[in-house]
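Undergrad: Under this note's numbering, residues 260 to 550 are what the sequence shown spells out, in order. Pasting in a structure now, in structure tokens, and then I'll have a few things to ask.
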Amino acid sequence: MIEGDRELSAMIQEIWDNDVNRLRPGIDYRISLQGKAGDLTGLVDDNDGAGLPLFTFVDENIFKKETFLAFISLLDNYESDTGEPEIVTPEEELENHKFLDSIIKTPTMKIAHKYLVGKHLSPEDTTDFKKQLYHIWFELYARRGSSKPDSSGFEHVFVGETRGGHTVIGFHNWIQLYLQEKLGHIDYKGYSVNANSPQPDENKHILALQFSWKNGIKPKGSIFIGVSPEFEFALYTLCFLTSPNERVKVSFNIYDVEIVCHHHNQKHIGTTYPVLVKYVDVAPHTGSSDS
């Protein structure tokens, strides 16, 4: 691991240790991995390695916490089809600001902010930092093939989009996945592994999976499960601002992970998500616990 990655890993470990709103697997939520997803040839939706939903239980009291509540309020603000221009109403803009206000107060975002200020990558003033976050995550831009602003980093990563009516793009958030599955809009089709992937585990916080949403297919997606919105926001913002590379290798807790982070015009997040490389046997200062 190169020195910069080691430093970033230490920072992400600190954010992980301070993610006080993270859910505990098997206690606050339970998932059912079932079978391995089939390889999709073309876009034929005939492979299903899971007859049951992914989530078997989530303690929804968690969703009453301020950051979760503010996050969930944003999920219905978007037109999922790329090519359809987004119209941001004043109410929605207010919800965006409310969400940023709620996460900026959390330990995870405070740690990330302090680190970014030290690296001269973010303004020290909280109001200016919030403007920077808004610019990176919520400003609209035109995704490939569109002439009008139809996407944002937040919409792509956390809400999900469809392209051509048949392909799901983005959609890397477990809360959105759970809520959409509960509504019957998601069909979980099994976990994804290849020859180099570690076997997934129902008590771990990262999962590669396949699912259909609306009329589209996500052949392979990768998500954190059970983490708070502020953890993901802090982690992805750190990777976006600190690394020009589109794949950042970091280690924290029991995970060796590549954070994929594509920039859009160097100004906005195009997409970002975790790819599990391997489980680390021992995390020296956290024990082997993965709660």
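By construction, the Cβ of each residue, glycine as well, lies at the ideal position given by its N, Cα and C atoms.
For ILE370, count the other beta carbons within 10 Å of its own beta carbon; 16 or more makes it buried, fewer makes it exposed. Which is it?
TA: buried
Undergrad: So, does the segment 452-462 touch the segment 324-335, judging by three or more C-beta pairs under 8 angstroms?
TA: no
Undergrad: Select from ILE362, THR501, LYS364 and SER332 the residue whose C-alpha is nearest the C-alpha of GLU350.
TA: SER332
Undergrad: Opposite LYS508 in the DSSP bridges: which residues?
TA: Per DSSP, GLU517.
Undergrad: Quick check: what's the CA-CA separation for GLY546 versus GLU491?
TA: Since pLDDT at GLY546 reaches only 42, below the 50 mark, its modelled position is unreliable, and the value read off the structure follows with that caveat. Cα to Cα, GLY546 sits roughly 22 angstroms from GLU491.
Undergrad: If you follow the alpha helix (DSSP H) that ILE363 is part of, which residue opens it and which one closes it?
TA: First-last of the alpha helix (DSSP H) with ILE363: 349-363.
Undergrad: What distance in whole Å lies between the Cβ atoms of SER471 and LYS448, which are believed to be in contact at a cut-off of 8 angstroms?
TA: 7 angstroms
Undergrad: What's the gap between the Cα of LEU535 and the Cα of ILE518?
TA: 9 angstroms
Undergrad: In the DSSP assignment, the beta strand (DSSP E) including ILE602 goes from what residue to what residue?
TA: No answer is possible for residue 602: the residues shown for the chain start at 260 and end at 550.
Undergrad: May I have the straight-line CA-CA distance separating ASN277 from TYR450, to the nearest angstrom?
TA: 29 angstroms
Undergrad: Run through DSSP, which three-state label would LYS324 get?
TA: coil
Undergrad: So VAL507 and LEU267 are in contact, right, with Cβ under 8 angstroms, and what is the actual spacing, rounded?
TA: 7 angstroms
Undergrad: Which residues in the same chain as LYS357 place their Cβ atom closer than 8 angstroms to its Cβ, once the five residues preceding and following it in sequence are excluded?
TA: ALA329 and SER332
Undergrad: Taking its Cβ as the centre, do 16 or more other Cβ atoms sit within 10 Å of LEU438, making it buried, or is it exposed?
TA: Per the 10 Å Cβ criterion, buried.
Undergrad: Among ARG289, PRO478, SER361 and LEU311, which has the Cα closest to the Cα of HIS425?
TA: PRO478
Undergrad: Helix or strand or just coil, what does DSSP make of LEU375?
TA: helix
Undergrad: Strictly by DSSP, which residues pair up with ARG265?
TA: The partner list for ARG265 (beta bridge, DSSP) is empty, contrary to what the question assumes.
Undergrad: Measure from the alpha carbon of PRO503 to the alpha carbon of each residue in ILE428, PHE483, LEU380 and TRP433, then state which is nearest.
TA: LEU380
Undergrad: Put GLU273 into one of helix, strand or coil per three-state DSSP.
TA: For GLU273, the secondary structure class from DSSP, reduced to helix, strand or coil, is helix.
Undergrad: My output table needs one value for ASP431: the three-state DSSP class, helix, strand or coil.
TA: Position check: residue 431 holds His in this sequence, whereas Asp was assumed. In this structure, HIS431 counts as coil in the three-state DSSP scheme.
Undergrad: Less than 8 angstroms between the CB atoms is what I'm expecting for LEU494 and LEU375, so what's the real figure, rounded?
TA: That belief does not hold up - the Cβ atoms of LEU494 and LEU375 are roughly 12 angstroms apart, past 8 angstroms.
Undergrad: Give me whichever residues DSSP pairs with ARG289 in a beta bridge.
TA: PHE316
Undergrad: Residues in the same chain with beta-carbon distance under 7 angstroms from GLU398, minus the five sequence neighbours each way, listed in chain order, please.
TA: Excluding sequence neighbours, GLU398 sits near SER411 and HIS527.
Undergrad: Please name the residue or residues paired with SER410 in a DSSP beta bridge.
TA: TYR400
Undergrad: Give the DSSP-derived three-state secondary structure of GLN469 in the structure shown.
TA: strand
Undergrad: Among GLU414, ASP318 and GLY485, which residue has its Cα nearest to the Cα of VAL279?
TA: GLY485
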